[in-house]
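K.L.:
Its first residue numbered 1, the sequence shown is counted upward by one per residue in UniProt numbering. We put the beta carbon where it would ideally sit given N, CA and C, even for glycine. This structure is a prediction, so every number in the text was calculated from the model and none was measured. Encoded as C-alpha cells, here's the structure I'll be asking about.
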Amino acid sequence: MATIRLLTVEEADGIPEARAVLDDIRAVRQSSFINNFWLALANNPPLLARIWGDVKQIMTAPGALDPLTREMIYIAVSTANNCAYCVHSHTAAARAKGMSDAQHGELLAIIGLASQTNALANGMQIPVDAAFQA
C-alpha cells in the first residue's frame with residue numbers, strides 16, 4: 001500500500017506545474033502512459049520536476065552507455081536496493097529497448113553472483129588489494 005495518495009492522471013494534469021512535467025514525460029517517451037511513480041511525485045511538483053530532470057538527463061540524453069545498458073544497470077541497482085517497483089518498471093523498459101530473455105537471465109545471474117561475493121567480501125572484511133586502488 002502506498003504511503004502517499006496516488007493522484008489520478010486527471011488530478012495530476014489539473015496541477016499546472018505537474019502538467020508541464022507530465023507533458024514532457026509524454027513527449028520524451030512518446031507515450032501517453034504515466035506510471036504510478038510519476039503520479040505519486042505529482043503531489044509535490046518541485047520534486048517531480050527535479051527527479052524527472054535527473055531521469056531525463058541520465059537515462060535519455062546521449063551518452064557513452066547505450067539505453068539498454070543503462071536500463072540493465074538500473075535493474076541491478078534496484079535489485080540490490082530491494083525496490084520491486086523499479087525492478088518491474090526498468091525490466092519493462094529494458095525489454096522495450098530489446099533485452100532478450102537470454103540477456104535478462106544472464107543479468108540476473110550476474111546480480112546473484114555479485115550479491116553473493118559482495119556479502120562474502122563484506123563479511124570477511126577482506127582488505128582491498130593495492131593493485132585495485134588507483
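Using the Cβ count rule (16 or more neighbours within 10 Å means buried), how would you classify residue 137?
P.N.:
This structure leaves residue 137 out entirely; the chain is present only between 1 and 134.
K.L.:
Between the alpha carbons of R95 and V21, how many angstroms are there, rounded?
P.N.:
Here residue 95 refers to the residue found at position 95 when the sequence shown is read from its first residue. Here residue 21 refers to the residue found at position 21 when the sequence shown is read from its first residue. Approximately 25 Å between the Cα atoms of the pair.
K.L.:
Under 8 Å, with one C-beta from each stretch per pair, do the region 74-84 and the region 40-57 reach the 3-pair mark?
P.N.:
With a cut-off of 8 Å, the region 40-57 and the region 74-84 do not count as touching, because too few Cβ pairs lie within range.
K.L.:
Just checking, does the region 55-72 make contact with the region 84-102 on the three C-beta pairs under 8 Å criterion?
P.N.:
At 8 Å Cβ cutoff, the stretches touch.
K.L.:
Note down the Cα distance separating N35 from V128, rounded to an integer number of angstroms.
P.N.:
Locating residue 35 in the sequence shown gives position 35, where the first residue counts as 1. Locating residue 128 in the sequence shown gives position 128, where the first residue counts as 1. Roughly 42 Å separates the two Cα atoms.
K.L.:
Measure the CB-CB distance between L47 and A18 and report whether it falls below 8 Å.
P.N.:
Stepping through the sequence shown from its first residue, residue 47 is reached at position 47. Stepping through the sequence shown from its first residue, residue 18 is reached at position 18. No; because the gap between Cβ atoms is not below 8 Å, this pair is not in contact.
K.L.:
What are the start and end residues of each continuous alpha helix (DSSP H) run of 4 or more residues lying completely inside the region 34-95, in chain order?
P.N.:
If we require 4 residues or more, the alpha helix (DSSP H) runs fully inside the region 34-95 come out as 36-41, 45-55 and 67-80.
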